[in-house]
Each structure stands twice: as C-alpha cells, then as structure tokens.
Amino acid sequence: MSHSPTTPDRPGFRPDIEGLRAVAVLLVVLGHAGVPLAAGGYVGVDVFFVISGFLITSLLLREAATGRVSIRRFYARRAMRLLPAAALVLVTTLVAARLWLPAIRMGELARDALSAAGYVANLRFAVTGTDYLNADAPPSPFQHFWSLAVEEQFYLVWPLLLLLPKKKPLLVALVLASFTAGVLETARSAPWGYFGPHARAWELGVGALLAAFLKNPRPNTWLGGAGLAGILVAALWFDDGTAYPGGFALLPVAGAAAVLAGGFRPLAARPLQVVGRLSYGWYLWHWPLLLIGPAALGVEPSLPLALLLAAVALGLAWMTYHLVENPLRQHAQLRRRPIRALGLGAGLSGAVAAVAVTIALLPHPVPAGAAIRDLPAAAARATDPYAVITRAVRSSRTTRELPANLTPSLTTVNADKARVWADQCHVEVPVLVAPAGCVYGDPASATTIVLYGDSHAAQWFPALEQLATRRHWKLVSLSKSSCSAADLRLWHDGLKREYTECGAFHTSAVARIRALRPALVVIGSSFNYRPVDTRTDEATQWQAAWQRTVTSVRAPVALIADTPYLGGERVPICVARQARLKRINRCGKSAATALRGPAQRSVLHRLTGVTVIDPVPWLCTDFCPPVIGNVLAYRDSNHLTSTYARTVAPLLEQALPQLK
Numbered sequence: 001m002s003h004s005p006t007t008p009d010r011p012g013f014r015p016d017i018e019g020l021r022a023v024a025v026l027l028v029v030l031g032h033a034g035v036p037l038a039a040g041g042y043v044g045v046d047v048f049f050v051i052s053g054f055l056i057t058s059l060l061l062r063e064a065a066t067g068r069v070s071i072r073r074f075y076a077r078r079a080m081r082l083l084p085a086a087a088l089v090l091v092t093t094l095v096a097a098r099l100w101l102p103a104i105r106m107g108e109l110a111r112d113a114l115s116a117a118g119y120v121a122n123l124r125f126a127v128t129g130t131d132y133l134n135a136d137a138p139p140s141p142f143q144h145f146w147s148l149a150v151e152e153q154f155y156l157v158w159p160l161l162l163l164l165p166k167k168k169p170l171l172v173a174l175v176l177a178s179f180t181a182g183v184l185e186t187a188r189s190a191p192w193g194y195f196g197p198h199a200r201a202w203e204l205g206v207g208a209l210l211a212a213f214l215k216n217p218r219p220n221t222w223l224g225g226a227g228l229a230g231i232l233v234a235a236l237w238f239d240d241g242t243a244y245p246g247g248f249a250l251l252p253v254a255g256a257a258a259v260l261a262g263g264f265r266p267l268a269a270r271p272l273q274v275v276g277r278l279s280y281g282w283y284l285w286h287w288p289l290l291l292i293g294p295a296a297l298g299v300e301p302s303l304p305l306a307l308l309l310a311a312v313a314l315g316l317a318w319m320t321y322h323l324v325e326n327p328l329r330q331h332a333q334l335r336r337r338p339i340r341a342l343g344l345g346a347g348l349s350g351a352v353a354a355v356a357v358t359i360a361l362l363p364h365p366v367p368a369g370a371a372i373r374d375l376p377a378a379a380a381r382a383t384d385p386y387a388v389i390t391r392a393v394r395s396s397r398t399t400r401e402l403p404a405n406l407t408p409s410l411t412t413v414n415a416d417k418a419r420v421w422a423d424q425c426h427v428e429v430p431v432l433v434a435p436a437g438c439v440y441g442d443p444a445s446a447t448t449i450v451l452y453g454d455s456h457a458a459q460w461f462p463a464l465e466q467l468a469t470r471r472h473w474k475l476v477s478l479s480k481s482s483c484s485a486a487d488l489r490l491w492h493d494g495l496k497r498e499y500t501e502c503g504a505f506h507t508s509a510v511a512r513i514r515a516l517r518p519a520l521v522v523i524g525s526s527f528n529y530r531p532v533d534t535r536t537d538e539a540t541q542w543q544a545a546w547q548r549t550v551t552s553v554r555a556p557v558a559l560i561a562d563t564p565y566l567g568g569e570r571v572p573i574c575v576a577r578q579a580r581l582k583r584i585n586r587c588g589k590s591a592a593t594a595l596r597g598p599a600q601r602s603v604l605h606r607l608t609g610v611t612v613i614d615p616v617p618w619l620c621t622d623f624c625p626p627v628i629g630n631v632l633a634y635r636d637s638n639h640l641t642s643t644y645a646r647t648v649a650p651l652l653e654q655a656l657p658q659l660k
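Note that UniProt numbering has the sequence shown beginning at 1, numbered continuously upward.
So, in structure tokens, the structure goes:
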C-alpha cells in the first residue's frame, strides 16, 4: 500500500496521484469482492508499491537537498501514518474472529495478527503457503497485511541506501536483481514469489528510481493515459490462473510509472480524490469485513453482500481517517518529538500483541455430545474389522453431534499427520530427487516394501508403518506433494506451468526402487490431476501412464485408489462450525461428488500386473461422513488423519497381496 505523508496541504501534492491511489484500491476491493472481470484486481497492490516508492523517495531526496534528512523522523512519520489505523483494525478483527469464526482457528489467527503487528505478515504467509497440507486453509482476515509488511521491510533499508554516495548505479542493480528474483521465485515457489520481499522490492524500487532520475517531469497526457490503460488491461486480463507476479507484473508496474511520469488530469476528479484519501483505511477494513461479515450475519457469501460489505468498509475508512489517522498524524507534540511518535507506535503494536495473546489463551470449546465406543480399539480387536468399520461408516451418515471422545481432537488435528512430513521423507514441490534413507519398520529385514506416490500415498504411511513394524518388513517411503506416481507430464495449478520437478522426481524414485528390489511397491495417488496434453483422450493417457509406472518399477505393485474429497472447506473447521448447530453430517458429501478422477478410476481394472485396492468402502456408502465412529477421518478437505489411517490398517493388510 502507498501511504505517503504527502497531503493536499503539503508541498509536492499531485491530485492525479491521489486519483491513482483510488484506482488501485478500487481494483483490489472489486477483485476481492469477486466482481466479474476484476479477477486481476490484485494488480492494484503493485500500483500502490510504485506510488509509495516514488513519493517516499521524492520526500527523502527533497530533505537531503536541504540537509534536513533524519532517519528517526522518517520512521516516526511512518509509525504515525500506519500504526494507529492498523492497530484499530487488527484488534477489531481479532475480536470479530473470536465471536464469529470457528473457535479452533483462533490460535492460528492470533499468530497471523502478531505477524501483522510486527510487519512480518508476508514472511508468515510465504511459509504457511508452502505447507502443502495447509493449501486448502481458509484465507486469513489478516492476510492483506502482507503488502504493508513488504513496504516496511523495504523502508528499513532504502532510506539508508539513499544516503550513500554514487548510489544510483547500486540502486539500479538492486532493482534489476529483485526483478530477476521475482521471476525466478514465481516459477520455483509461488508463495515466495508473491509474498517474498526480495521478489517484490523491485516494484517499490521502480517508483523510487523514477523519483531519483526524473527531477522535473513534464506533463504528458498520452503517456499518463497509456499507463492507466496498461493498469486496467492487466486487471481485466489477469486472473487466478496467471503466474503472478513474475514477468506479468511488468505491465501494471510500468503503467503506474507512466502515470507518475506523465500525469493524467482525469485522475484529479473530486470523487477519486476522496477515495484516494481514504484508500489506506479502505484497504485495511475491506478484507476482514468480506471474510467475517457473512459469518456474522449468518448468511452465505454472495456478490451483492460483498459489495455491501465493501461499502460499509469505505464508511469505516472515513471514520478512521477523521477520528484516528488525521488527529494523531497532525498532533503537534508527536510531530515535534519523533521519539514520542515511535514510542506510541511501539505501544500500539504491543497492545495488539497483548490482545492476540489473550484471545489465543482463552478457552475455545466446541460443543460435543456423549462419548461413544472407541472405533480404533474396536477394529483392532475384532475378528472381522471390515464389518466393524463399514458398520461405523453406515451409522455415521446420520451423526449430528460431535462425539465427546473425538480422536484426534479438533485442536490437535493439525499435528495428526504422518511422520514422513517431519522427517523430510515427504518432499515438497521444488525438490527434484527422491530423498535417501527414509527407512522404517525393521531396517534389517530381508523383505522390503516401498510406499511411493504423492501426499495421498503419504497419508497411508501410518497404516503401512504399523504393518511393517508388526510383520518385520523394511519400509521405504518415497513421496512428493502434487506428484502422481503415474508416468505422465502433469500441469501444476499453483506454478501455472508443467510440473517438470515431478518428472525429475519420478525418474529418481523409480531408479531407487529398482535398486531396492522390493517385494512389493505400494502406490497411492490423488486422482485430481490434469495432464499437460489436453488433446489426447485422458483415460487413454492415464492407462498408458500407470502401465508404464507398473512396468518400470520391476516389482509387484499394489495401487491404492484415491480417497474422497469433501469439498473446499477444511473438514475440522466445518465440523467445529456445524457442531454448534448439531449438524456435523453437513460436512460430509455424497460419494458421487466426492470421488475425483473418473478417467483414472475407469482404467484401473485394465492394468496388468497390479493389485488395485479400493478404500472407498472404508470411508463411504453412498455418503462420505466427516467423522466415522469417534474418529475424525480427515485433517483437511481430502487427506486422511493418521488416526483414521491406522484405524483401517487391518483392512489394508487384508487387501495387500500375500508376500512370500
């Protein structure tokens, strides 16, 4: 966000820049509200970055020319401009989240708020964004603070660089290096490409260089108009499928630079001036209102509601501007005494931290009914575990209350994942080579079993480890996120390109499997993939790809078909929300809609040299419940909890081919 101290009553004020701010925030708000044709509204943030770099650098250079540069005064101005409104929004959002969002999210949201208050939100969201098991997490109402964090991290360094002699070549080199890093990072890791300060600094740097090199800009309506057109084209052209920022960010950044260089008088229109003046507050308020508003009102999100909430956010921005931002920013004592301003800023951040910690430590109970029979124990001692588990599946379709002895609990489910994640034996997107080691069970055994595939293979690791320990097998685990074991070129939706890293991993994994000479290769896979080749019949491609994999490993193969997907919302969050209304079965889904990949399922019976295991009866009848017996079956929208995988381990053992 661009939050320059330049205002209409101060030198250097340009009304067209205030109007450009209005355009930027309108694009962001309309994009977040889900307005058709505004899916690329996120480019408004890039425009804000360029404006900020231009205005702040212009101010610092003016001060340097008069010999009045004060780094302490600079940071005091930033604190008074940003922190009062931010602290108000952060505390209000925390309280609203506690009242209306599922209670089990409060620990996570408190950490988000703390990162926002400390201006490191972008780093937090980059880290959590690379956690594959967090991919379907609902967006945080604090996520929009990432852009403020990028700005403040930039301004920790930039003012100091401006004090260096012969600084211009260095600044140009840094901007080019950051742009290169942004392009490479977007291709390597989308979250770091989007949130990383190293990948975004060049956008602020472009505005800063414009201020440094363009001493006396001449108005050029054609240049300014072309720049505005470039910004609008980007907003209309780009969408969630764009590999952004990468090289695509050049269009809105260049457009913003052109408007700053040439000016554009229509942007000085009075309505745009008003919106531009309120842009900071509107940016802060709109996102939490869009996320929490529907829950507070007890209605489903919709475009009309989103537009109404955005309008309410604009009203709150007006109140914040007149009652909080301006009075503190114009306060005589704070302006004369930078140390007081910095102290107040630190105090506001501390207050946010105190509220976040307090809310995180409060009890967040989820209503539950009575305790019921423990399904894992019953299945483990049963002579017919299949009958016990399928009976529980059938009866769970009508379960409305949360069992008091739910396992894993809603508050501990995030930790209930296979140990291969912690051991780094399940690898993430950038990794090209199958990890060495990753041996479990009985390492000295002459019987080797390999578990191979993606995260839907890794979800079966707890069951296989249990069997390997009891049967004295040597178990080797080889798995990679979003990487099917099928020998097929795949598209990666997050990277917005062919998933070449998966092909490299597949080659490496198959070579290791051959060297191990296993008695059995157990393959697990999601069926939610898209081949790069969209012209050839998909079922034909999958049959050939699976057959190539089965043949290439040179060992007996058991292929576990994919498990159900229960929708876009994480199951624990849905269950926590519906438990208050005693209708947790609403978090389930019909089997007809929960099973992905019909093309892959249709070819399984045609494969030769493979034992196909169908786990769907262990999870569904014609309905797939979220809680089976007293076990929470899913840790997110589509991965089994380790507890449930171990519960059905006896069924997996019965389905595996007998080893000699």
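Cβ atoms here follow ideal geometry from the backbone N, Cα and C, with glycine treated the same way.
{"Asked": "Going by CA-CA distance only, name the one from Pro84, Leu82, Pro138 and Gly118 that's closest to Met106.", "Found": "Pro138"}
{"Asked": "Helix, strand or coil for Ser637 per DSSP?", "Found": "coil"}
{"Asked": "Under the rule that 16 or more other beta-carbon atoms within 10 Å means buried, what is Glu18, buried or exposed?", "Found": "buried"}
{"Asked": "What is the residue span of the alpha helix (DSSP H) that Leu402 lies within?", "Found": "From DSSP, Leu402 is part of no alpha helix (DSSP H); its letter is neither H nor E."}
{"Asked": "Taking 7 Å as the threshold (C-beta atoms), are Ala208 and residue 664 in contact?", "Found": "Limits of the chain in this structure are 1 at one end and 660 at the other, which puts residue 664 out of reach."}
{"Asked": "Does Ile584 come out as helix, strand or coil in the three-state DSSP assignment?", "Found": "helix"}
{"Asked": "For Thr407, which residues does DSSP report across the bridge?", "Found": "Val631"}
{"Asked": "Return the CA-CA distance between Leu114 and His144, expressed in angstroms with no decimal places.", "Found": "14 Å"}
{"Asked": "Between the region 172–180 and the region 229–236, are three or more C-beta pairs nearer than 8 Å?", "Found": "no"}
{"Asked": "Using the Cβ count rule (16 or more neighbours within 10 Å means buried), how would you classify Leu170?", "Found": "exposed"}
{"Asked": "Under the DSSP definition of a beta bridge, which residues are partnered with Lys474?", "Found": "Gly441 and Thr448"}
{"Asked": "What are the boundary residues of the beta strand (DSSP E) that Gly524 is part of?", "Found": "Leu520 to Gly524"}
{"Asked": "Apply the 10 Å Cβ neighbour rule to Asn216 and answer buried if 16 or more other Cβ atoms are within range, or exposed otherwise.", "Found": "exposed"}
{"Asked": "What is the DSSP secondary structure of Ile372, reduced to helix, strand or coil?", "Found": "coil"}
{"Asked": "Can you tell me which of Ala418, Trp542, Cys483 and Ser479 puts its alpha carbon nearest to the alpha carbon of Leu607?", "Found": "Trp542"}
{"Asked": "Identify every residue that forms a DSSP beta bridge with Ile104.", "Found": "Paired residue(s): none; Ile104 is not in a bridge."}
{"Asked": "The alpha helix (DSSP H) that contains Val612, what's its start and end?", "Found": "Counting along the chain, Val612 falls outside any alpha helix (DSSP H), though it belongs to the beta strand (DSSP E) covering Val610 to Ile613."}
{"Asked": "Would you decide whether Asp537 is buried or exposed? Buried here means 16 or more other CB atoms lie within 10 Å of its CB.", "Found": "exposed"}
{"Asked": "Threshold first: 3 residues or longer. Then list the beta strand (DSSP E) segments lying entirely within the region 340–374, N to C.", "Found": "none"}
{"Asked": "Cα-Cα, which of Leu632, Ala655 and Val150 is closest to Arg124?", "Found": "Val150"}
{"Asked": "Who does Arg81 pair with in a DSSP beta bridge?", "Found": "Answer is none; Arg81 lacks a bridge partner."}
{"Asked": "Is the beta carbon of Ser525 closer than 7 Å to that of Asp614?", "Found": "no"}
{"Asked": "I believe Tyr155 touches Arg78 by the beta-carbon criterion, under 8 Å. Please report the beta-carbon distance rounded to the nearest angstrom.", "Found": "7 Å"}
{"Asked": "Please go through the same chain and pick out, in chain order, the residues whose beta-carbon is closer than 7 Å to the beta-carbon of Glu653, but skip the five residues on each side of it.", "Found": "Leu467"}
{"Asked": "Do you know how far the Cα of Tyr321 is from the Cα of Ala226?", "Found": "32 Å"}
{"Asked": "Is Ala87 closer than 7 Å to Val352 when the C-beta atoms are compared?", "Found": "yes"}
{"Asked": "From Ile51, Ile56 and Leu26, pick the residue whose C-alpha is nearest to that of Tyr42; which is it?", "Found": "Leu26"}
{"Asked": "Could you name the residues of the same chain whose beta carbon sits closer than 7 Å to that of Ala190, not counting the 5 residues immediately before and after it, in chain order?", "Found": "Gly494 and Leu495"}
{"Asked": "Do the region 304–323 and the region 282–295 meet, that is, are 3 or more Cβ pairs less than 8 Å apart?", "Found": "yes"}
{"Asked": "Which of the three DSSP states, helix, strand or coil, is assigned to Lys168?", "Found": "helix"}
{"Asked": "Relative to the alpha-carbon of Asp533, which residue among Arg512, Tyr499, Arg554 and Thr507 has its alpha-carbon at the smallest distance?", "Found": "Tyr499"}
{"Asked": "Straight-line CA distance for Leu250 to Ala579?", "Found": "47 Å"}
{"Asked": "With distances taken Cα to Cα, identify the nearest neighbour of Leu348 among Leu90, Ala187 and Val28.", "Found": "Leu90"}
{"Asked": "Which whole runs of the beta strand (DSSP E) in the region 528–590 are 3 residues long or more, in chain order?", "Found": "557–560"}
{"Asked": "Please go through the same chain and pick out, in chain order, the residues whose beta-carbon is closer than 8 Å to the beta-carbon of residue 719, but skip the five residues on each side of it.", "Found": "What the structure shows of the chain is the stretch from 1 to 660, and residue 719 is not part of that stretch, so it cannot be assessed."}
{"Asked": "Is Gly293 helix, strand or coil by DSSP?", "Found": "helix"}
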